[in-house]
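Since the structure comes first, as C-alpha cells, the remarks are kept for the end.
Number of protein chains: 2
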Amino acid sequence: MSRPEIAPGEPYSLRLNKLREEMTRRKLDGYLIQQRMDQYWATGFTGEDGAALITHRAVVLLTDGRFDQAANIEAPYARKVLRKKRTPDETIRELKRCRLRRVGFNPDHMTVAEYGVLKKLAPPVRLVPVENMVTALRAVKDAGEVERIRQAIRVAERAFEKVRQWLRPGLTEREIAAQLAYEMQKLGAQGETFPAIVAVGPGSALPHYEPGDRKLVENEILLVDWGARVSWYGSDLTRVLWLGSIPPRLKEVFDIVREAHDRAIKAVRPGIKAKAVDQVARDFIQRAGYGKEFNHGLGHGLGLVAHESPRVSRVSRDVLQPGMVITIEPGIYLPGVGGVRLEDDVLVTETGYELLSSLLVQFS
Amino acid sequence: MSRPEIAPGEPYSLRLNKLREEMTRRKLDGYLIQQRMDQYWATGFTGEDGAALITHRAVVLLTDGRFDQAANIEAPYARKVLRKKRTPDETIRELKRCRLRRVGFNPDHMTVAEYGVLKKLAPPVRLVPVENMVTALRAVKDAGEVERIRQAIRVAERAFEKVRQWLRPGLTEREIAAQLAYEMQKLGAQGETFPAIVAVGPGSALPHYEPGDRKLVENEILLVDWGARVSWYGSDLTRVLWLGSIPPRLKEVFDIVREAHDRAIKAVRPGIKAKAVDQVARDFIQRAGYGKEFNHGLGHGLGLVAHESPRVSRVSRDVLQPGMVITIEPGIYLPGVGGVRLEDDVLVTETGYELLSSLLVQFS
C-alpha cells in the first residue's frame with residue numbers, strides 16, 4: 036500500500052518546502068498546524084476539525100471519519116489519522132511515533148485548554164510556540180492563488196453590476212445585501228468573504244455598519260463593501276453610489292478619497308514599506324483637511340481570509356514583496372452625514388503593481 | 036456622570052446573577068468572558084473584538100472605538116474601556132483597578148499567546164481556568180430566548196416553503212442553497228445559522244456535504260439541512276424531498292428514520308439523560324437493521340450557535356432540564372445511494388416537550 040508522492044511542481048510541494056525551510060531555520064523537526072486555512076494552504080486538505088503535522092519527511096492529517104473521503108481526494112500524499120474523539124491522544128501518539136523532538140505551533144491558534152493537555156503528555160517531545168510562520172508565508176501568493184483571487188473579484192464585480200442595475204428607491208439595505216449575496220452565489224461563489232456592508236446615508240459613516248431596514252432614497256449616498264469567495268480565495272471591494280445626485284459635502288469628500296486611492300495604488304511596488312503606502316493616502320487626506328476623519332488603516336493583505344498579512348497601516352512593519360495581494364481602501368467619515376470609502380485589490384508585481392479589480396470607481 | 040443601573044427583571048440582570056452565583060461557588064471575584072456569544076448572552080453587548088470582565092459589582096466591557104456606540108446602546112449599565120491596541124494592557128489594568136484576586140476564564144477561549152502575556156503581567160491577580168461555566172448556563176434558555184428561536188424557525192420554515200414551490204428539475208444544489216439563503220434574508224434573517232447543506236442523490240449520504248453543481252432531477256432524493264438566524268438566535272432543521280417518486284430503498288429508510296425521529300421527540304422530558312433520548316432513536320434504527328448507517332449523535336443544543344450544550348449523543352453526560360432547546364436529527368446514510376435525515380427543534384418543558392418546528396415531515 037504505497038502512498039502517492041506529491042509531484043515536485045505542485046503548489047503544495049513548493050509550500051511544504053518553504054515551510055520546511057522555516058522549520059530548519061528554527062531547529063524544529065515538526066510543525067503542528069491547527070488552523071483550517073493554514074492547513075489548506077500547506078496541504079490542500081479542507082477538512083474542518085483537523086490538524087496537520089508537518090515533518091521533514093511526512094504530512095500527517097489528524098481528522099475524523101467525516102472528512103476521510105475529502106482527505107483522500109485533496110491530499111492523497113498525506114498519512115491520515117482518523118480520531119474518534121476530540122482529545123489530543125492521537126496527536127501525542129503521532130508526535131511520538133514520528134520521533135520528533137522539537138515541534139512548533141502557533142500560540143495564536145492553540146487554546147490554553149489544548150496546551151494544558153498536550154504539554155503534560157508530550158514529553159520527551161518539546162512544544163515550541165512560533166509566531167507567524169505560516170502567516171508570513173501565506174502573504175506571498177503563487178500564480179494559482181492570484182488566479183483564484185481574480186476569479187473572486189470577477190464574480191463580485193459581475194454581481195455588483197447586476198445589483199446596481201436593479202437598484203430602485205425603497206429597497207432596504209438588507210434586501211440589497213441579500214440580492215448581492217444571491218447574485219454572487221449564482222455566479223459560482225462559495226459564499227461571501229464577509230457579510231457585506233450596505234449602508235444608506237449616515238450609516239455609511241460607520242466603517243463596520245450592519246445592513247438594516249433603512250431604505251434607499253434619491254440623493255443619498257449608498258456604500259457597499261462586499262466580497263465573493265471562489266475556491267476558498269476572497270475578494271474585497273468597496274464602492275459608493277447614489278440615485279439622483281450625491282450630497283455636495285460628500286461629493287467633495289468623494290473627490291478627495293478618490294485621489295488618495297489613486298495615489299496610494301500608484302505607490303505600490305516591491306520593496307516599499309507598507310506604512311509608506313498608507314502615508315501617501317493619509318498625507319493627501321490630511322492636507323485636504325480630513326485627517327481625523329480617516330480613522331483606520333489604508334488596507335490589508337487578502338487571500339484565504341479577508342484580513343491577512345501584510346498589514347497596510349501606520350503601525351505596519353511589513354515590506355511589500357512581489358506576489359502580495361493587498362487592499363487599498365482610504366475613507367473619510369462624517370458622523371451623522373455619511374462616509375466615502377473606495378476599495379480595490381492590488382497585486383504587488385516584480386516591477387510595480389497590477390490593479391486586479393476593474394470596476395468603475397464612479398458610476399453617476 | 037452616573038451609569039444607569041440594570042433593571043432587576045432584565046434578562047441580563049438574571050443572567051449576571053446566575054454567573055455571579057457560579058463565581059461565588061468557585062471562589063472567584065472576577066470572570067473574564069472572551070467569546071462573543073458568551074459576552075452577548077451575559078451583557079447584551081454584541082461588539083466584536085471585545086471582552087467582558089464580570090465582577091460582583093460591575094460589568095466592564097473591553098472593546099475599541101468602532102463599537103463605542105453599540106456598547107452605549109446595548110449595555111448602558113456597563114463601564115466601557117476603549118482599547119487602542121489589541122494588547123492585554125487594558126485588561127491587566129482593569130483586573131488590578133478592580134482589585135481582583137481570583138479571576139476565572141474559559142481555557143477553551145483563551146489562546147496560548149494571550150495567556151502567556153496575561154500570566155506574566157497579572158500578578159498579584161490570579162487567573163483560574165474554569166471550564167464550561169457560561170456554556171452550561173447558556174444551555175437553559177429563558178422565555179425571550181425561546182421566542183427568538185421560534186422566530187428563527189418560522190423564518191426558516193417560510194423560506195423553505197417558498198423554495199419548495201419554486202423547485203424544478205435542472206436547478207443546481209448551489210442555486211437552491213442560494214435561493215434559500217436569499218428568501219430567509221428577505222424574511223428578516225440576519226443570515227444563516229450555518230451554510231445550508233443541499234444535496235441531490237448520493238451527496239445526501241454525506242452528513243457534511245457542501246452544495247455543488249449537481250442538478251435536481253426527478254425520482255432522486257433532495258436533502259436540505261438549513262437554519263436562519265434571527266436576533267442572534269438560530270434554527271436548525273432538515274428535510275428530504277423528491278420530485279416524482281422516492282427511490283424504493285430510500286423510502287424504506289425514510290419510514291424508519293421518521294419513526295425513530297417521532298419516538299425520540301416523544302421521549303424528551305426534564306430529568307431524562309440526553310443519552311437515553313439518543314438511545315430511543317438508535318435502538319429503533321438498530322432493530323431495523325441500519326445501526327451502522329446512523330453514524331452520528333442524535334442531536335445537540337441550539338441557541339446562539341448551531342451546536343451548543345447539551346450534547347445529545349451516546350457519550351453525553353447531560354441531563355435534560357426545562358428550558359433547554361435541542362435538535363432531534365436521526366439519519367441513515369447509504370454510501371453511493373443517498374441518505375435520509377429528519378431534524379426538528381424541541382424545547383424541554385416543565386412536564387415534557389414542545390415541538391418548536393411545525394413543518395410537515397413528508398411532502399410528497
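As you go down the protein sequences, you meet chains A and B in turn.
Convert by adding 35 to the 1-based position in the first sequence; the result is the number in the working numbering.
Convert by adding 35 to the 1-based position in the second sequence; the result is the number in the working numbering.
Where is the CB? At the ideal position from N, CA and C, for every residue including glycine.
The model shown is predicted, which means the values in this text are computed figures rather than measured ones.
- Each of Val315/A, Thr170/A, Glu218/A and Arg189/A was checked against the Cα of Ile68/A, and the nearest Cα belongs to Thr170/A.
- The DSSP assignment places 103-109, 124-132 and 147-156 as complete runs of the alpha helix (DSSP H) inside the stretch 80-168 of chain A, in order along the chain (cut-off: 4 residues).
- Put simply, the CB of Thr146/B is near chain A, with a gap under 7 Å to one of its CB atoms.
- The DSSP-derived three-state label of Tyr75/A is helix.
- In the structure shown, Asp379/B adopts extended strand secondary structure according to DSSP, grouped into three states.
- Ile188/A is not a Cβ neighbour of Ser266/A, given a cutoff of 7 Å.
- Between the beta-carbon of Ile211/B and that of Val233/B there is about 5 Å, and that keeps the pair under the 8 Å contact cut.
- Rounded to whole angstroms, the separation of the alpha carbons of Glu40/A and Tyr47/A is 11 Å.
- The Cβ of His243/B sits closer than 7 Å to at least one Cβ of chain A.
- Between the alpha carbons of Phe80/A and Asp64/B lies a gap of roughly 44 Å.
- Closest in C-alpha terms to Gly338/A, from the list Leu202/A, Gly179/A and Asp248/A, comes Gly179/A.
- Look at Val315/B here: in three-state DSSP terms it is helix.
- For Tyr217/B, the chain A residues whose Cβ falls inside 9 Å of its Cβ are Ala213, Gln214, Ala216, Tyr217 and Gln220, in order along the chain.
- The Cβ neighbour count for Phe102/A, taken over all protein chains shown within 10 Å, is at least 16; the residue is labelled buried.
- Here Ala323/A carries a coil assignment [DSSP, helix/strand/coil].
- In the structure shown, the three-state DSSP call for His335/B is strand.
- In this structure, Leu241/A lies away from Lys53/A, with their beta-carbon atoms at least 7 Å apart.
- Non-local C-beta neighbours of Asp99/A in its own chain, meaning closer than 7 Å and more than five positions away in sequence, comprise Asp84, Leu117 and Arg118, ordered along the chain.
- In the DSSP annotation of this structure, the continuous segment of the alpha helix (DSSP H) that includes Asp297/B starts and ends at Pro283 to Ala302.
- One finds Gln220 and Lys221 in chain B with Cβ atoms closer than 9 Å to the Cβ of Glu210/A, taken in chain order.
- Note on the stretch 339-365 of chain A: whole beta strand (DSSP E) runs with a minimum of 3 residues are 343-347 and 360-363, in chain order.
- The straight-line gap separating the alpha-carbon atoms of Arg161/A and Asn141/B is approximately 25 Å.
- Of all residues in the stretch 317-342 of chain A, only Asn330 and His331 come within less than 9 Å of chain B when Cβ atoms are compared, listed by chain position.
- Using a Cβ-Cβ cut-off of 7 Å, Arg376/B does not count as an interface residue toward chain A, since no Cβ of chain A sits closer than that to its own.
- At least one C-beta of chain B is nearer than 7 Å to the C-beta of Pro142/A.
- The DSSP assignment places 208-221 as complete runs of the alpha helix (DSSP H) inside the stretch 201-281 of chain A, in order along the chain (cut-off: 4 residues).
- The shortest C-alpha to C-alpha distance from Gly223/B to any of Gly236/A, Arg209/A, Gly223/A and Ala216/A is the one to Arg209/A.
- Annotation for Glu389/B: the continuous beta strand (DSSP E) segment containing it runs Tyr388 to Leu390.
- Of the residues assessed, Val350/B falls on the exposed side of the cut-off, its CB having fewer than 16 other CB atoms within 10 angstroms.
- Beta-bridge partners of Val175/A (DSSP): Met359/A.
- Within chain A, Pro142 and Pro164 have C-beta atoms less than 8 Å from the C-beta of Gly151/B, given in sequence order.
- Arg101/A belongs to the set of residues whose beta carbon lies under 7 Å from a beta carbon in chain B.
- Within its own chain, the residues whose Cβ lies closer than 7 Å to the Cβ of Glu218/B, once the five positions on either side in sequence are excluded, are Ala194, Lys197 and Val198, listed in chain order.
- In the three-state DSSP reduction, Leu395/A falls in the coil class, being neither helix nor strand.
- Secondary structure at Leu67/A: strand, using DSSP grouped into helix, strand and coil.
- Inclusion of Gly336/B and Ser344/B in the CB contact set at 7 Å is warranted, their separation being smaller than that value.
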